[in-house]
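Colleague: Can you read through this structure? Questions will come right after.
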Amino acid sequence: MDDKEDKDNAKNAKSSIQKEIKKGIGIEWSFCPVCANKIPKVNNLKYCIKCGINLQYLKKYKRFQPRLNPNPYVQPLPYPIQSEPLISYGLKKIPDEDILKTKQKKLWSTSTSIGVPLGAFLLINFLTAAFIFLITFVSFDLEILFDIISNPYFIIILSLFELIFIILPTIYVGKYLQNPTLGNRFALLGFTSRGFKKPEIAKEVLIGILFGIIGLFLVLFVSVFTELILESMFNIEIVQEASGTNNDVDLIISSADILSIVLFSIVMILVVGTSEEILFRGFMQKGLVRRLGNRGGIIVTALIFSLIHLIGLFLVDLTSPIYIIISFILSFIPYFAISLVLGLLYQWRNENLIAVVITHGVYNTLTIISAFIFYGML
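Going by our numbering, the sequence shown opens with residue -13, and the numbers climb by one from there.
Structure representation (structure tokens):
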């Protein structure tokens, strides 16, 4: 009898649970067992209104229902729900407003900082050699060729090839800009008057003139001091003879007239000073200081700048290796000194080239004029 009653009670309990499931959610579930969201008192509620889990299925089968269908209570949204910016591993380009704010930004690599100037230098020498070869091919006379090469007007024309020093870096830096206009390219290289008022531009010009004069006397002092040291180490006559082979102004001055000096001075300021500073300070040093630090970038730039100007020295037929060494030292140290001045000035002027270009042009011009006056006195 008791067994029969137990069976009836179990049967009634099971039936009650099934009715409860069909009816909805039992009172024992006030919160969703998945997301813990409060379950509203709604008859026949099948899904959680927050996470969409099938509550009836979970209660009946004690497991989650496979997600074959989306949540019926949630409106489908396009994917992705929130647009996220794509992660780009490419070059992050500089907007116009940040062109003058790149001191903390690493730009081109060390190899590029050195490689582009060396490539420009090789291209200029190739074009110069091709030009001279063409003249040789036309004239077939070495004496005429020498007269042409030593002519100051010919040297002025060759100086125009240095515009390549502007063209190559200007083309290259365009890849770093969102809006690669010519003005923005020059601005990234520091050759710009953006952010300057007229009185400030005049100030930069005056600073450039002043440092051009200082540079002339600095190089004169360094040259004399270096020569005295070498004379104390070697024979005085050897040093004086070697010093006569390293003056790259002699070729210009020896046959120059006033007109050629004026034209050469203009080219020095507008072409040579501008192009070399855009390449070496605006491009090379700007890239190197961000990789090697200020000191390393300035020194490496000064070394390369000096060595490039002395390539022709090794083409001179000197009688002994000691002449080459002495001549190299006498030329290298002054070049290195003025290059350090230009590099430090560039950093001091917040990587703007106005004062630096003026300094370079004024220094070159004063060197030419001083040599012309000196030769006139002889």
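Glycine is no exception: its CB is placed at the ideal position from the N, C-alpha and C atoms. None of the values given here were measured: they were computed from a predicted structure.
I'd like to know whether the C-beta atoms of S261 and L339 end up nearer to each other than 7 Å.
Modeller: No. Outside cutoff.
Colleague: Where I13 and K48 are concerned, what is the direct C-alpha to C-alpha distance, given to the nearest angstrom?
Modeller: For I13, the predicted structure reports a pLDDT of 46, less than 50, and the residue's modelled location is therefore unreliable. A value from the coordinates is still provided. For I13 and K48, the distance between alpha carbons rounds to 17 Å.
Colleague: Report yes if the CB atom of I312 is closer than 7 Å to the CB atom of L214, and no otherwise.
Modeller: Not in contact: I312 and L214 (Cβ atoms no closer than 7 Å).
Colleague: Please classify S246 as buried or exposed, where buried requires at least 16 other C-beta atoms within 10 Å of its C-beta.
Modeller: Result: buried.
Colleague: Which one or two residues does DSSP pair with I80 in a beta bridge?
Modeller: According to DSSP, which records beta bridges pairwise, I80 is partnered with L163.
Colleague: Tell whether a beta-carbon distance below 7 Å holds between G198 and V343.
Modeller: No, these two residues do not count as a Cβ contact at 7 Å.
Colleague: Under three-state DSSP, which class holds N40?
Modeller: In the structure shown, N40 sits in a strand (DSSP, three-state: E or B).
Colleague: In whole angstroms, what separates the C-alpha of T96 from that of N165?
Modeller: In a straight line, the C-alpha of T96 is about 24 Å away from that of N165.
Colleague: Is the separation between the beta-carbon of L326 and that of L202 shorter than 7 Å?
Modeller: Contact flag unset, no.
Colleague: Am I right that L77 and Y162 are in contact with their C-beta atoms under 8 Å? What's the rounded C-beta distance?
Modeller: So it is a contact: roughly 7 Å between Cβ atoms.
Colleague: What does a CB cutoff of less than 6 Å around S292 pick up in its chain, not counting 5 residues either side in sequence?
Modeller: Closer than 6 Å at the Cβ level, and outside the excluded window around S292, lie F318, Y321, F322 and S325.
Colleague: Below 7 Å between beta carbons: does that hold for L154 and T114?
Modeller: Contact: no.
Colleague: Hey, is the region 273 to 290 in contact with the region 85 to 105, meaning 3+ C-beta pairs nearer than 8 Å?
Modeller: With the cut-off at 8 Å, the region 273 to 290 and the region 85 to 105 touch.
Colleague: Taking contact to mean at least 3 C-beta pairs separated by less than 8 Å, is the region 31 to 38 in contact with the region 13 to 23?
Modeller: Result yes; three or more Cβ-Cβ pairs closer than 8 Å.
Colleague: Name the two residues that bound the continuous alpha helix (DSSP H) containing S99.
Modeller: Residues T96 to S125.
Colleague: State buried or exposed for E186, treating a residue as buried only when at least 16 other CB atoms are found within 10 Å of its CB.
Modeller: E186 comes out exposed.
Colleague: Beta carbon of F107, beta carbon of I294: below 7 Å?
Modeller: Result yes, Cβ atoms of F107 and I294 sit closer than 7 Å.
Colleague: Scan the region 158 to 205 and note each continuous alpha helix (DSSP H) run of 4 residues or more that stays entirely inside, going in chain order.
Modeller: Complete alpha helix (DSSP H) runs here, min 4: 168 to 174.
Colleague: When you compare only the Cα positions, how much space is there between K27 and K46?
Modeller: Distance between the alpha carbons of K27 and K46: 19 Å.
Colleague: For F220, does the three-state DSSP call read helix, strand or coil?
Modeller: Residue state, collapsed to three classes: coil.
Colleague: How would you call I341, buried or exposed, if buried means at least 16 neighbouring beta carbons within 10 angstroms?
Modeller: Strictly speaking, residue 341 in this sequence is Ala, with Ile absent from that position. A341 comes out buried.
Colleague: How far does the alpha helix (DSSP H) with Y309 in it reach, from first residue to last?
Modeller: Y309 -> alpha helix (DSSP H) spans P307 to W334.
Colleague: Relative to the C-alpha of I141, which candidate in M270, L249 and I290 has its C-alpha closest?
Modeller: Among M270, L249 and I290, the Cα nearest to that of I141 belongs to L249.
Colleague: Does the Cβ of E190 have 16 or more other Cβ atoms within 10 Å, making it buried, or fewer, making it exposed?
Modeller: Looking at its Cβ environment, which holds 16 or more other Cβ atoms inside 10 Å, E190 is buried.
Colleague: Is DSSP giving K27 helix, strand or coil here?
Modeller: In this structure, K27 counts as coil in the three-state DSSP scheme.
Colleague: For M270 and K92, what's the separation of their Cα atoms in angstroms?
Modeller: Each residue's alpha carbon lies about 13 Å from the other.
Colleague: Rounded to whole angstroms, what is the Cα-Cα separation between Y309 and F207?
Modeller: Between Y309 and F207, the C-alpha separation is close to 22 Å.
Colleague: Helix or strand or just coil, what does DSSP make of S356?
Modeller: Note: S356 maps to helix in three-state DSSP.
Colleague: Would you mind sorting N350 into buried or exposed? The rule is 16 or more other CB atoms within 10 Å of its CB.
Modeller: Per the 10 Å Cβ criterion, buried.
Colleague: If you draw a straight line from the C-alpha of S356 to the C-alpha of E129, how long is it?
Modeller: The alpha-carbon atoms of S356 and E129 are separated by roughly 29 Å.
Colleague: Is the beta carbon of I85 sitting closer than 7 Å to the one on L174?
Modeller: The answer is yes: Cβ separation under 7 Å.
Colleague: My output table needs one value for F17: the three-state DSSP class, helix, strand or coil.
Modeller: The answer is strand: DSSP assigns F17 an E or B state.
Colleague: Nearest to S136 by CA position, among F123, L146 and I118, is which residue?
Modeller: Taking only the C-alpha atoms, the option nearest S136 is I118.
Colleague: Could you give the distance in angstroms between the alpha-carbon of V286 and the alpha-carbon of L192?
Modeller: When rounded, the distance between both Cα atoms is 28 Å.
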